[in-house]
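Below is one structure, written out as structure tokens; comments come after it.
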Amino acid sequence: MTQQQRHDAIIALVRRQGYASIEQLTRDFGVTPQTIRRDLNALADDGLIRRVHGGAGLESSTVNTAYQTRKTLNLDAKRRIADLLASHIPDHASLFINIGTSNEIVAEALLAHHGLEVITNNLNVAAILQHKEDFNVIVAGGQVRSRDGGIIGEATIDFINQFKVDFGIIGISGIDDDGSLLEFDYQEVRVAQAIIHNSRQVYLIADHSKFRRNAVVRQGNIAQIDALFTDRQPPENLLTLMEAHDVSLHLADADAPPRPKTPAPLHA
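For the sequence shown, the working numbering begins at 57 and goes up steadily by one.
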């Protein structure tokens, strides 16, 4: 069993039981306690499990990881994925970009583009893009979430419904084995659904930690997107669903050098 296979099996076991001890995992996988501790620490760092004394439990399905923590999780992978996604956006395109730390990194990757029209319900995305004089950045109205700068609510949905754009770029908190796209906030989900319905092509950005991650609200299904941009091969059953619904898979090159954070341009 490879390390990745063991990690997948640990996640499946913890999800099935709700908790697994180091003693049990050592016995089940025939490895040392030190190896299991390293496995659990790595999975916890990716946000896939919750590290507890003596073992591991499930991450909360009702409360998301804090925004400042999410900004640093899998950062190099997110940058590689964002660069790959940005390479599929042509100059002079129109697009939605919704809430999420991955989408903010996509915004940074788009700064080398020209003539984009961007509609967003993410104040951080707007702040990243505002200095590009050849961009037209439109910010949705609605209620601003103080924790992450996301804009949500009925006014936001009404605003999104006024547009029909080339590309909708969405993030996600979790992707279940049955293809369900999962989030924590019902109001955020309704805005994302409006973005999906008003985009000619929908691009989903999700690093590997989102596979099989629990969240309480169903945003939609993998069948509703046109392409998934990620850094590792999805689980086999998810691949089968994607093939059945003609969803393209784009894997970021793990050997590609991570892009340094792009500083905001100076202006008078």
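From the three backbone atoms N, C-alpha and C, an ideal C-beta is built for every residue, glycine too.
These numbers were taken from a predicted model, which means no experiment stands behind them.
Check your understanding: Based on Cα-Cα distance, which residue from ALA262, PRO290 and VAL272 lies nearest to ASP139?
Key -> In the sequence shown, the residue the question calls residue 139 occupies position 83. Of the listed residues, the one whose Cα sits closest to ASP139 is ALA262.
Practice item. Please state whether DSSP places ASN254 in a helix, a strand or coil. Key: For the purposes of this step, residue 254 is taken as residue 198 along the sequence shown, with counting starting at 1. Of the three classes helix, strand and coil, the one that applies to ASN254 here is coil, per DSSP.
Exercise for review: Can you tell me the Cβ-Cβ gap for ALA271 and PHE223, rounded? I've got them flagged as a contact below 8 angstroms.
Suggested key: Looking up residue 271 in the sequence shown gives position 215. Looking up residue 223 in the sequence shown gives position 167. So it is not a contact: roughly 24 angstroms between Cβ atoms.
Review point. Which one of ARG268, ASN277 and ILE225 has the shortest CA to CA distance from SER255?
Key: Start at 1 with the first residue of the sequence shown, and residue 255 comes out as number 199. Checked all of ARG268, ASN277 and ILE225; the closest Cα to SER255 is ILE225.
Practice item. Report all residues from its chain with a CB closer than 7 angstroms to the CB of ILE67; omit the five preceding and five following residues, and keep chain order. Key: As a working mapping, residue 67 is identified with position 11 in the sequence shown. Result list for ILE67: LEU99, LEU104, ILE105 and ARG268, in chain order.
Review point. In the DSSP assignment, what residue or residues form a beta bridge with SER304?
Key: Here residue 304 is taken as the residue at index 248 of the sequence shown, counted from 1. BP columns for SER304 point to ALA283.
Check your understanding: Below 8 angstroms, can you find three or more Cβ-Cβ pairs linking the segment 179-194 to the segment 204-217?
Key -> Counting Cβ pairs under 8 angstroms, three or more are found: they touch.
Review point. Which residues bound the beta strand (DSSP E) around SER236?
Key: By one-based count along the sequence shown, residue 236 stands at place 180. Per DSSP, SER236 belongs to the beta strand (DSSP E) from 236-239.
Check your understanding: Is PHE346 helix, strand or coil when you go by DSSP?
Key -> Within the shown structure, residues of the chain are numbered from 57 to 324, placing residue 346 beyond reach of any answer.
Exercise for review: Identify which residue in ILE228, MET57 and LEU114 has its Cα closest to the Cα of ARG246.
Suggested key: In the sequence shown, the residue the question calls residue 246 occupies position 190. When each option's Cα is compared against that of ARG246, the closest is ILE228.
Practice item. Give me the Cα-Cα distance between ASP102 and ASN130, rounded to the nearest whole angstrom. Key: Taking the sequence shown and counting its residues from 1, the one referred to as residue 102 is at position 46. Taking the sequence shown and counting its residues from 1, the one referred to as residue 130 is at position 74. Answer to the nearest angstrom: the Cα atoms are 7 angstroms apart.
Review point. In chain order, what residues of the same chain have a beta carbon less than 6 angstroms from the beta carbon of PRO321, not counting five sequence neighbours either side?
Key: Here residue 321 refers to the residue found at position 265 of the sequence shown. Residue placement at PRO321 is flagged as unreliable, the pLDDT there being 42, under the threshold of 50; the coordinate-derived value follows with that caveat. Answer for PRO321: HIS187, listed in chain order.
Practice item. Look at TYR75 and GLY113 and say whether their C-beta atoms are less than 7 angstroms apart. Key: Walking along the sequence shown from the start, residue 75 turns up at place 19. Walking along the sequence shown from the start, residue 113 turns up at place 57. For TYR75 and GLY113, yes; Cβs fall inside 7 angstroms.
Review point. With a Cβ-Cβ cutoff of 7 angstroms, do ILE137 and ASP287 count as a contact?
Key: Here the question's residue 137 lines up with position 81 in the sequence shown. Here the question's residue 287 lines up with position 231 in the sequence shown. The answer is yes: Cβ separation under 7 angstroms.
**Study point:** For ASN192 and SER202, the rounded distance between their alpha carbons
**Key:** Numbered from 1 along the sequence shown, position 146 holds the residue referred to as residue 202. Numbered from 1 along the sequence shown, position 136 holds the residue referred to as residue 192. Using only the alpha carbons, I get a separation of about 25 angstroms.
**Study point:** For LEU166 and LYS317, the rounded distance between their alpha carbons
**Key:** Translated into the one-based positions of the sequence shown, residue 317 becomes position 261. Translated into the one-based positions of the sequence shown, residue 166 becomes position 110. Per-residue confidence for LYS317 stands at a pLDDT of 47, beneath the threshold of 50, marking its modelled position as unreliable; the derived number appears in the next sentence. Rounded to the nearest angstrom, the two C-alpha atoms are 12 angstroms apart.
**Study point:** Reduced DSSP category for GLU189 - H, G, I as helix; E, B as strand; rest coil
**Key:** Residue numbering aside, residue 189 sits at position 133 when the sequence shown is read from its first letter. In the displayed model, GLU189 falls within coil according to three-state DSSP, outside both helix and strand.
Review point. Under three-state DSSP, which class holds LEU69?
Key: Position 13 of the sequence shown, counted from the first residue, corresponds to residue 69. Helix.
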